Amino acid sequence: MSEKKFFSVGRDTQKKDGYAKATGAEIFSSDVILPGMLYGRVLRSPHPHARIVSVDTSGAEAMGAVCITYDEVPKTVYNERQVSIPEKTYRDRTVLPDIVRHVGEGVMAVAAPTESLAEKALAAVKVEYELLPGLFDPEEALKEGAPALYPEVMLGDAVLPIKNNIACQRIIEEGDLAEGFAKADLIVEESFATGRVYHGQMETKGVVCKPEADGGITVWPTTQSIHNTRQLLGRIFSIPLSKVNVHRVTIGGAFGSSIQMNTPIAICVALARKAGKPVKLVLTREEDMYNHCKYPSRIKLKYGVTRDGMITAGQLETLVDAGAHNIQVYPLLGCMAGWFVSLYRMPALRFAGTGVYTNKTPACAMQGYGNPQVTFAVESLMDIIAEKLGMDPIELRMKNYVGMGQTFWGQGPTVRSIIRSCGVEEMLVKGREMIGWNERGRPEDKTGRYRRGIGVGRGFHTSGTGAPQPGEVIDYSTAMVKINEDGSADVSTALMCHGGGTLDAIAKIVGEELGIAVELVGVSPSDTATTGYDVCTHATRGIYCGGAAALRAATTARKSILEIAAKLLDVNPEALMIAPDPESGHGLIYLEGTDKRITVGEAAKTAQLKGWGTAIGVASHRQTNCPPCFVTNFIEVEVDTWTGEIRTTRAVAAVDAGTVMNPKLTAGQLEGGLCRGIALALLEDTDYDPETGRMTCNGGFTDYKMYTAKEMPMVDDLQVFFANTYEPSGPFGAKGVGEAANNATAGAVANAVQNAIGIRINDAPMTPEKVLKRLEEAGFNN
Amino acid sequence: MHNSRIITNEFDFCQPATLTELFGLLNEPGGDDRLIAGGTDILVMMKEGRHCPKRLVSTMKIDELDFIEIKDGVMRIGAATKLKKVAAACREIKSILALHEGVSSIGKLQILNMATIAGNICTASPAADSVPPLLTLGTTLTLKSGDGERQVALEDFILGPGKTAIGRDEIVYSVNIPLPAEGVGSSFRKMERVGADIAKINIAISIKRNGDVCESCKVAVGSCAPTALLIDEPGGILSGQLISDPESDLIRRAGVAVSEAIRPIDDIRSTAEYRRKVAKVLFMDVFQVAWDRAKGDAS
Amino acid sequence: MKKELITLTINREQYDVVVEDNELLSNVIHDTIGMTGTKYGCGTGECGACTVLVNGEPVLACITLAKAVQGAEIVTIEGVAPEPGKLDPIQEAFVEQAAIQCGFCTPGMILVAKDLLIRNPKPTEDEIRDAIRGNICRCTGYTSIVKAIQDAADSGLCCRSKP
Ligand SMILES: Cc1cc2nc3c(=O)[nH]c(=O)nc-3n(C[C@H](O)[C@H](O)[C@H](O)COP(=O)(O)OP(=O)(O)OC[C@H]3O[C@@H](n4cnc5c(N)ncnc54)[C@H](O)[C@@H]3O)c2cc1C
Ligand code: FES
Ligand code: FES
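And the structure:
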């Protein structure tokens, strides 16, 4: 449905950082080395809950190490995540704590000339703890008389007393629920759970901080938002923002793990300021795993439907085990409501969510921000309903999905917009063919030890969090585009690339608008001093929101170069066009039907020589929409009914991303999302030992397992396709992809398992141990 | 919380070039020595603070320890022979394919390039993947010290997790595998959470087949007791029996006997209950493969 | 602790470095020498991000003592490309297939692929997946990486150039 033929957008081009990454030349934050740099290390609590009575650093200091403790760091109470407006931001932590609330929480930190000296110094530090009772089960934490993690926290500038360890709550209702359920011929209710998954980004979180002579700081962190990092550091350390410069550094995978200003950053800044020297602090894998995780979920979901499959009402209740800090539970609950409401239409609905503190690793966003969890429940229940109604699951979905022209909630109730592009039906119809849906058979007809089944799952994610009015969540981007004197161009933005090709897409958008090849568009290195604000590269917003700002900046630059050319060619600027020369990729400005023409480079150079100035554009832009990027997964699994092992044998992953900017990279996003989604369904979780408060996997990859190449379907058995849509509000018709890629997967897997063995498993991960037990209960025999 | 990026423990690292030099070091009085081969177990444990030796003595520069030879029907593998070489050598000998499969399944390519057969045995992990096949083959070890050498049966050598019958100044010199006669088929299977993982449970079998009669059958299971276990019961049930169908009830009964003989526990990788349930299945799986392999012409 | 001057041969060049006995190859390469392509992902041998070639074979630098590889030929990702500005066919295939997202696993993957194709110029898909099973990629789901290695194999150019 492309409205226009593009020359740059939508073509596969070599990723701009491909060469550097393929040769090891790319510098990640863990690779930054500065002259005179010290290495920082953090002493981590071995206890899940304890008051720090005293810290004796004399041994470490005798070795020459620089030490910081709670007493020496600013006491600013902050929230790592800066995305909501202040009135909706819960704040409960300081740079270092006086009470540790989970194993692995930082107690104090040291810096020394080498990592091993720092480690030795750490070993010489003595800490006295007063042990406090630990809480590991969210239901227990809610009980009257349960020990309290916090007497109070801050909400905005107000003190908020905490009762029953409830971090926050949200109830959202629309329509008449009782009436809705009364109209139903069938009411179905089930409980679902997903695990406390770890991000597993390959680069552990890290940072290098250099204290500047003027009292400022320069920082090279792993982060998804340089500007939010800057703002928080400025506030915590009372430094004017003009003296806090945060660099964008390549990140070795994010998936939400650096969506907030991670705790090591503030600790490292405090160390560097005390040492008066640059300090590098890179977490070990164990520390990283104790730093953050995905929000686990416990969801109770209920739908009422009529006999012909129309939903009359829906209710979702959820208890979110936030862990030791409330990083972003409040917006999470709003989003979970949004995911629930925007998958299928409900005349009446109720959402009730509670976030509760426990003495575990704090949870934060991880690819989907509650979406894979909610969608797992919803897509599972859709199949349950279809089965009860004797209806094809695809037909039920077709009848009820929220699609074209309908209102959609985006990220929470304050972010509503109308859907203007929708490939849901196309993906269901085409995917059904590709996977061989009609041959999937019924579980009761399958025999033998190995049984295959096919399942479908739908999902979506919002492209950013933009909306017509300002809401609770901040969302806008800034970009600058300038045309260089040789006809090339630079684009400067604070967006991050997590690997999916965001910055390549930005370059394509700029090249498309300027009429020059993407190879001639440079993406400038960026830092907070030289870029305008960008909220964060999160929420699947990079291309749709960041790209829209870049497009606007490019449009201004284009206008300016056309005015210059018009002067030189003596024509009206509005009549001029630009197209790239197919050979050189340089932009050619021309007047159709005449021989009046000049290259972009000639125009820019002449303007420079004549002193007319640079063709440049700057835009700071908020999208007034956050269109859904729809996904559909069809998954075939094979269950070994003798061992309970489940293998993913085939998959079809489809996305409706509007205009696809980088086809191969987009396919890669879908494949990666599928891999992590299958792992959410079948493999990943972190368990805690209630005796010690430690993870039973001990925080390392030895026992936290992620999928290898062996578990994924073979190349020919994993097909990917893009719906043919065009999003009118997106840059050149584009929407997002990122998080959407894994949202539909877990549900599709559960449905495939059901189709294979006739057993419905609602609590992920569906480990062989769990599956075999269920098989036995169902009368299977090995 | 330990730091997996570095080794904090300080030690001297020695790389003797000959056995004589090695025993000279080990015999120094008052030493706190630990042998290191590929280092894939010991260095990880040292990072975790589970071992803090004062001195690490490497076997990897000693050419005398890197060999594979077959003499008088016995395959002798030098202690410091890398797993990759061991896997390749076993691939060529049909009757010990289980050993090929077990060794190839250890970790991954990089581990096979680094780690040694003696390291796998001496770590004495209940999950070590070379051990079940070696047990079914009646493997012995040659231990050497400055004073001489002795032979120990593998099942007498591994005593418990991390515990072996090795003396303070002794090393494993070679791993000796009596090569089975004609008509023996073997097979190995490992169940893991993902590829390149330590076993939840692993099993090896070696069957002597004569026509359709099972003459004898040796089974060993790993990761289901403090050490890998040689399990006699299937042999008792199947020896001398006519196997008309490798999926018959008889085989199932032998599998049940395996499940009953193991002593698994709950750990991070799986549960005792699960291990017990699938031991039978794994037995039936490896039986079938090994049975076919034992047929003579089949490879 | 005692420090010692040793010589390491990395990417066909000699590096004199002062190391302690307990220093790991990964840290000497990354921090002391400053070749940052050798990554730390886990430190326990699980992820493959620190893979380097020692005498042509992929090994894990995070569990290799620096002193143990004196005299060996070490190749890091920096030594794979034939000359500055040019890529090895495997590197090229990774770029072409978009098998690089965040790029943190890439050096290890490429080195393993390099070794694989030298040993086995026409690997099956199973053989490819088996070879890279010790290298975790959290981004791609592996499809593009497998395709890249297949492409490099199909090009027939890889097995010739030993790193
Ligand atoms: C990522 C990873 C994956 C792994 N996967 C597996 C797996 O799937 N299956 C499996 O079984 N193992 C696995 N292991 C464990 C390990 O790699 C193997 O046990 C390996 O064979 C150990 O050999 P090594 O040469 O590296 O031993 P080292 O670590 O060098 O030594 C191990 C022990 O043996 C002792 N030792 C070594 N040589 C001798 C000798 N000649 N005489 C006496 N004692 C000696 C050492 O003192 C030490 O106690 C894995 C390890 C890692 C890091
Ligand atoms: S860092 Fe060496 S394997 Fe992960
Ligand atoms: S590309 Fe990011 S880990 Fe592989």
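Protein sequence lines, in the order shown, are assigned to chains A, B and C. Anchor point for the first sequence: position 573 equals 573 in UniProt numbering, and the numbering is continuous, going up by one each time. Anchor point for the second sequence: position 104 equals 104 in UniProt numbering, and the numbering is continuous, going up by one each time. Anchor point for the third sequence: position 128 equals 128 in UniProt numbering, and the numbering is continuous, going up by one each time. C-beta: ideal position from N, C-alpha, C; glycine also. Being a predicted model, the structure only gives us computed values, none of them experimental.
ask   = In the DSSP assignment, what are the bridge partners of Ile205 (chain B)?
value = In DSSP, Ile205 (chain B) forms a bridge with B:Ser187 and B:Val219.
query = Going by the beta-carbon positions, is the gap between Thr23 (chain A) and Glu78 (chain C) smaller than 8 Å?
reply = Result yes, Cβ atoms of Thr23 (chain A) and Glu78 (chain C) sit closer than 8 Å.
ask   = Is Asp527 (chain A) close to chain B, meaning its C-beta is less than 8 Å from at least one C-beta of that chain?
value = Put simply, the CB of Asp527 (chain A) is far from chain B, with every gap to its CB atoms at 8 Å or more.
query = By DSSP, does Ser299 (chain B) sit in helix, in strand, or in coil?
reply = Any reading at Ser299 (chain B) is ruled out, since the residue's pLDDT is 40, under 50, leaving its predicted position unreliable.
message = Looking at the strands, I want to know which residues DSSP matches up with Thr247 (chain A).
response = Reading off the sequence, residue 247 (chain A) comes out as His, not Thr. Its beta-bridge partners are A:Asp527.
message = Give me, in chain order, the residues of the same chain whose beta-carbon lies closer than 6 Å to that of Ala607 (chain A); leave out the 5 immediate sequence neighbours on both sides.
response = Hits under 6 Å: Ile564.
ask   = How far does the alpha helix (DSSP H) with Asp115 (chain C) in it reach, from first residue to last?
value = First-last of the alpha helix (DSSP H) with Asp115 (chain C): Thr106 to Arg119.
query = Leaving out the 5 sequence neighbours to the left and right, which residues in its chain are closer than 8 Å to Ala146 (chain A) when beta-carbon positions are compared?
reply = The residues are Leu135, Glu140, Asn164 and Asn165.
task = Take Thr63 (chain C) as the anchor and find which of C:Lys39, C:Gly71, C:Lys3 and C:Pro84 has the nearest alpha-carbon.
result = A quick correction: the sequence has Ile, not Thr, at residue 63 (chain C). Looking at the Cα atoms, C:Lys39 is the closest of the given residues.
inquiry  = For the region 752-766 of chain A against the region 453-462 of chain A, do three or more pairs of beta-carbon atoms, one drawn from each stretch, fall closer than 8 Å, so that the two count as touching?
reply    = Yes, since at least three Cβ pairs between the region 752-766 of chain A and the region 453-462 of chain A fall closer than 8 Å, the two stretches touch.
message = Within 8 Å, do at least three Cβ pairs link the region 32-42 of chain A to the region 75-92 of chain C?
response = The answer is no - the region 32-42 of chain A does not touch the region 75-92 of chain C, with fewer than three Cβ pairs under 8 Å.
ask   = For Glu72 (chain A), does the three-state DSSP call read helix, strand or coil?
value = Residue state, collapsed to three classes: helix.
request  = Check whether the Cβ atoms of Leu233 (chain A) and Val249 (chain A) sit closer than 8 Å, and answer yes or no.
outcome  = The Cβ atoms of Leu233 (chain A) and Val249 (chain A) do not sit closer than 8 Å to each other.
message = For the alpha helix (DSSP H) containing Ile171 (chain B), name the first residue and the last one.
response = Taken as a continuous stretch (DSSP letters only), Ile171 (chain B) belongs to no alpha helix (DSSP H), being part of the beta strand (DSSP E) at Ile171 to Pro178.
key: Euclidean distance between Cα positions of Pro132 (chain B) and Asn113 (chain B)   = Between the C-alpha atoms of Pro132 (chain B) and Asn113 (chain B) there is a straight-line separation of about 21 Å.
task = Check each candidate in A:Ser8, A:Tyr90 and A:Val103 and name the one with the smallest Cα separation from Pro46 (chain A).
result = Considering only A:Ser8, A:Tyr90 and A:Val103, the residue with the shortest C-alpha distance to Pro46 (chain A) is A:Val103.
query = What residues in the region 102-136 of chain B have a beta carbon less than 8 Å from any beta carbon of chain C?
reply = Answer set for the region 102-136 of chain B: Gly107, Lys108, Leu109, Gln110, Ile111, Asn113 and Met114.
inquiry  = Let me see if you follow: with CB-CB separation under 8 Å, is Asn9 (chain B) close to chain C or not?
reply    = By this cut-off, Asn9 (chain B) is an interface position.
task = Spatial neighbours of Met714 (chain A) within its chain, please: CB distance less than 6 Å, with the 5 preceding and 5 following residues excluded, ordered by chain position.
result = Excluding sequence neighbours, Met714 (chain A) sits near nothing in its chain.
request  = State the beta-bridge partners of Cys364 (chain A) as determined by DSSP.
outcome  = Per the DSSP secondary-structure output, Cys364 (chain A) pairs in a beta bridge with A:Lys294.
message = Contact criterion: CB-CB distance below 8 Å. Does Gln151 (chain B) meet it with respect to chain C?
response = By this cut-off, Gln151 (chain B) is not an interface position.
query = Of all the CB atoms in chain C, is at least one closer than 8 Å to the CB of Gln288 (chain B)?
reply = Gln288 (chain B) has a beta carbon lying at 8 Å or more from every beta carbon in chain C.
task = Leaving out five residues on either side along the sequence, give the residues of the same chain with a beta carbon under 8 Å from the beta carbon of Ala225 (chain B).
result = Closer than 8 Å at the Cβ level, and outside the excluded window around Ala225 (chain B), lie Pro126, Ile262, Arg263 and Pro264.
query = Can a CB atom of chain B be found closer than 8 Å to the CB of Gly141 (chain C)?
reply = Using beta-carbon distances, Gly141 (chain C) does not count as an interface residue toward chain B, since no partner is under 8 Å.
inquiry  = Is Leu60 (chain C) near ligand 2 - that is, is its Cβ less than 7 Å away from at least one heavy atom of it?
reply    = The beta carbon of Leu60 (chain C) sits closer than 7 Å to at least one heavy atom of ligand 2.
query = Using a threshold of 7 Å, is the CB atom of Met496 (chain A) nearer than that to any non-hydrogen atom of ligand 3?
reply = Answer for Met496 (chain A): no, Cβ out of range of ligand 3.
query = So, helix, strand or coil for Phe192 (chain A), using DSSP?
reply = It is a strand residue.
inquiry  = Using a 10 Å radius around the Cβ and a threshold of 16 neighbouring Cβ atoms, would you call Asp126 (chain C) buried or exposed?
reply    = By the neighbour-count definition (other C-beta atoms within 10 Å, threshold 16), Asp126 (chain C) is an exposed residue.
request  = Classify His461 (chain A) as helix, strand or coil using the three-state DSSP reduction.
outcome  = Reduced to three states, the DSSP call for His461 (chain A) is strand.
inquiry  = I'd like the span of the beta strand (DSSP E) that includes Ser477 (chain A), first residue to last.
reply    = Where Ser477 (chain A) is concerned, the enclosing beta strand (DSSP E) stretches over Ser477 to Ile483.
task = Taking Ala741 (chain A) and Leu674 (chain A) to be in contact with their CB atoms under 8 Å, please state how far apart those CB atoms are, rounded to whole angstroms.
result = Between the beta-carbon of Ala741 (chain A) and that of Leu674 (chain A) there is about 7 Å, and that keeps the pair under the 8 Å contact cut.
ask   = If you measure from the beta carbon of Asn22 (chain C) to each beta carbon in chain B, is any gap under 8 Å?
value = Chain B, which has a Cβ nearer than 8 Å to the Cβ of Asn22 (chain C), makes this yes.
Assigned exposure category for Pro86 (chain A) - 16 Cβ within 10 Å defines buried = Under this definition Pro86 (chain A) is an exposed residue.
inquiry  = Buried or exposed for Glu28 (chain B), going by 16 or more other Cβ atoms inside 10 Å?
reply    = Of the other Cβ atoms in all chains shown, fewer than 16 fall within 10 Å of the Cβ of Glu28 (chain B); this residue is therefore exposed.
task = With DSSP as the reference, label Glu57 (chain C) as helix, strand or coil.
result = In this structure, Glu57 (chain C) counts as strand in the three-state DSSP scheme.
ask   = Cα separation between Gln328 (chain A) and Val660 (chain A)?
value = In this structure, the straight-line span from the alpha carbon of Gln328 (chain A) to that of Val660 (chain A) is close to 31 Å.
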